[in-house]
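Asks:
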Amino acid sequence: MVTLQSKYTTLTKTKADMLTVFVFEDKNIYKRQIKNIKTRLKGISAPLDAGIFSGKEQERLMLYPLNSASKRILLLGLGKAEKLSLEQLRRASAWAAKAGTDQKATTIALLEPDPDIIAKTTSDFGDSVWGNIGIALAEGAALGLYAYDKYFSRELKKGNTVKQVTFISENKSRAKQIAKGVHIAQVICEGTYLARDLENAPGNEIYPDSLAGRARESGRKYKFNVTVFDEKKIRKLRMGGLLGVAQGSAKPPRFIVMEHKGKNSRLGTVVLVGKGVTFDSGGISIKPSANMAEMKMDMSGAAAVIGTMQAAARLKLPVRIVGLVPATENLLGGAAMKPGDILTHYNGKTSEVDNTDAEGRLILADALSYASRYRPDVVIDLATLTGACVVALGNYATGMMGNNDEMMHRLKLSGERTYERVWQLPMFDEYEKLIKSDVADVKNVGPRWGGAITAAMFLKKFIGNYKWVHLDIAGTAILEEAQDYAPKGGSGVGVRLLIDFLRYWSKD
Ligand code: BES
Ligand code: MN
Ligand code: ZN
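Read left to right, the sequence shown gives residues 1 to 508 (this note's numbering).
#1: Please state whether DSSP places M400 in a helix, a strand or coil.
#2: With DSSP run on the structure shown, which of helix, strand or coil describes S260?
#3: Taking A96 as the reference, which of S128, Q58, G203 has the closest Cα?
#4: Quick one: Cα of I435 to Cα of K349, how far?
#5: DSSP has N330 in a bridge; who is on the other side?
#6: Taking only heavy atoms of ligand 1 into account, decide whether any of them is closer than 8 Å to the Cβ of V273.
#7: Using the beta-carbon count (16 or more within 10 Å), is K443 buried or exposed?
#8: With a threshold of 16 other CB atoms inside 10 Å of the CB of Y64, please say whether the residue is buried or exposed.
#9: Apart from the five residues on each side of it in sequence, which residues of its chain come closer than 7 Å, Cβ to Cβ, to N395?
#10: For a test of your reading of the model: does the CB of G282 fall under 8 Å from any non-hydrogen atom of ligand 2? Yes or no.
#11: Identify the residues that DSSP records as bridge partners of L145: which are they?
#12: Take D230 as the anchor and find which of P208, K98, Y346 has the nearest alpha-carbon.
#13: Hey, could you find the ends of the alpha helix (DSSP H) T308 is sitting in?
#14: Ordered along the chain, which non-local residues of its own chain (more than five positions away) have a Cβ less than 7 Å from that of P339?
#15: Buried or exposed for I135, going by 16 or more other Cβ atoms inside 10 Å?
#16: At a threshold of 8 Å, does V319 count as lining ligand 3 (C-beta to nearest heavy atom)?
#17: Under a criterion of Cβ closer than 5 Å to any non-hydrogen atom of ligand 1, which residues qualify, in chain order?
#18: For the beta strand (DSSP E) containing H470, list its first residue and its last residue.
#19: So, with DSSP's three-state summary, where would you put K80?
#20: For Q5, write down the residues that DSSP places opposite it in a beta bridge.
#21: Please identify the residue among A358, M1, G43, L110 whose C-alpha is closest to the C-alpha of T9.
#22: To the nearest angstrom, how far is the alpha carbon of L137 from that of L89?
#23: Hey, could you find the ends of the beta strand (DSSP E) D381 is sitting in?
#24: CA-CA distance, Y151 and D197?
#25: Could you give the DSSP three-state label for T101: helix, strand or coil?
#26: Mind checking whether the beta-carbon of N330 lies closer than 8 Å to any heavy atom of ligand 3?
#27: Pick out whichever of F428, L19, S491, Q310 has its Cα sitting closest to the Cα of T215.
#28: Measuring only the C-alpha atoms, how far is L497 from A312?
#29: Looking only at C-alpha atoms, which of D149, Y374, L19, K104 sits nearest to S93?
#30: Contact between the segment 230-249 and the segment 322-341 is defined here as three or more beta-carbon pairs at a separation below 8 Å; is this criterion met?
#31: Does any heavy atom of ligand 3 sit closer than 8 Å to the C-beta of M292?
#32: Have a look at R375 and V322 and give me their C-alpha separation to the nearest angstrom.
#33: Just to confirm, is the Cβ distance from G262 to M299 under 9 Å?
#34: Answer yes or no: the CB of M295 versus the heavy atoms of ligand 3, is any distance below 8 Å?
#35: How many whole angstroms separate the CB atoms of A456 and H470, which I take to be in contact at a CB cut-off of 8 Å?
#36: Run through DSSP, which three-state label would F53 get?
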């Protein structure tokens, strides 16, 4: 990942290949900012007087001052001051980073946004204003610069040129707070990078055993415990859902258990469960071939949980966190499970497999019932579970369901703060009868409509006596188009959301 750092210095003394200064569009603010820039930078009046830049969102104007340590200073439009928010700063920082790449810069710097405007904004920057600004700016740049290019041979590598981003403050106390935020963001973004790398990796690189290997590697490096159950142990535990789905694959399943101990036992235990289907062909109920390659990312829930474990361990969060990942491929062949098969899960309940493509819930059933062993205060599962959720919410909201309003509210707030937003769908009793089976405790599919909800109703049958939230990330984890600071492909969604949730949990 790019190196993120911060520095207490001035506009003219900052030395980078390109330094970005944010400019607002509002007439009066614009005039004041430009006047200030003109008095501090020498020899840059002509382009400013040409009337080609007005501070509108994403507008760029490059200046080449005679008296600054940075040869290029980019004025970057931030739009209207009333639109200012942490999310707008994340985006703006990503635009600046992209401009740096366009300029083939190796080192770039960003000057803090105008403190007078920050002080006057009505937007909620949280309790540590400049700390949160530091986090947002660092996240925008780092996440915006992500590129998955490891498989291109040398000439085709389209990776970004920017290797270092420095966040500048001209005030000592602000600089200190920004520095703190940047440090936290570095750790969180490396968690998101890990999640994105795991998602984007092809199925011939990431399969159950190699996914477990990557979790182990992170655990060894950042000091959290990782235990991996092999097929034999999974059979011994009678995880019939995981075994059933894995049956059609030449590669054996794994069940990954991660634990970050946390120093404060009064904070209890948070269990995170991630769907780890490293490739989903649909099985015997095979998917159409168009876009099937995307299903290498059907382990995005697992990726989010592993990335979160890494970041939580590095941040030394005081709460105990357990991560559970059932990992398997969903393929087809002579040994594959078939429609009509009946599976017996870890908790002894049975499910009728009506459609082998509804495999995520089958493996989550085992993991969710296994979670009870930890006497959790809350269990949160993340899964690319249903196409129906993508139909309902598109790519800008994660579907959320659960049995506890307080926990869902906490996640909703974390979603707003991180902009990894969640949206609740109902779990009315009426949906339950849609997955009744004639031959087993439950059937793994319902009728066509309300698919995201019936999937959650299925999971509900397997939860223990704990507070539970289910996050369907099918639309938010897999992006068919780039967003402001996420390229096309795996978004790494969940890491920032969960770390925010866990940081607030730790404050209680
Ligand atoms: N992994 C898919 C869900 C999915 C679809 C994720 C599109 C991301 C993008 C899941 O295993 C699946 O196939 N679900 C089925 C369920 C159906 C058979 C009830 C679906 O959504 O079509
Ligand atoms: Mn499927
Ligand atoms: Zn799937």
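The beta carbon of each residue, even a glycine, is placed where N, CA and C say it ideally should be.
Replies: To lay it out plainly:
#1: strand
#2: Note that residue 260 is His in the sequence shown, not Ser. In this structure, H260 counts as strand in the three-state DSSP scheme.
#3: Q58
#4: 14 Å
#5: D280
#6: no
#7: buried
#8: exposed
#9: G475, T476, L479
#10: yes
#11: Its beta-bridge partners do not exist; DSSP assigns none.
#12: P208
#13: 300-314
#14: I284, S285, V353, D354, N355, T356
#15: buried
#16: no
#17: D280, D298, N355, D357, A358, G360, T384, T386, G387, V445, A474
#18: 468-472
#19: coil
#20: T166
#21: L110
#22: 6 Å
#23: 378-383
#24: 12 Å
#25: helix
#26: yes
#27: The amino acid at residue 215 is misidentified as Thr; the sequence shows Ala. Considering only alpha carbons, the answer is Q310.
#28: 12 Å
#29: L19
#30: yes
#31: no
#32: 11 Å
#33: no
#34: yes
#35: 5 Å
#36: coil
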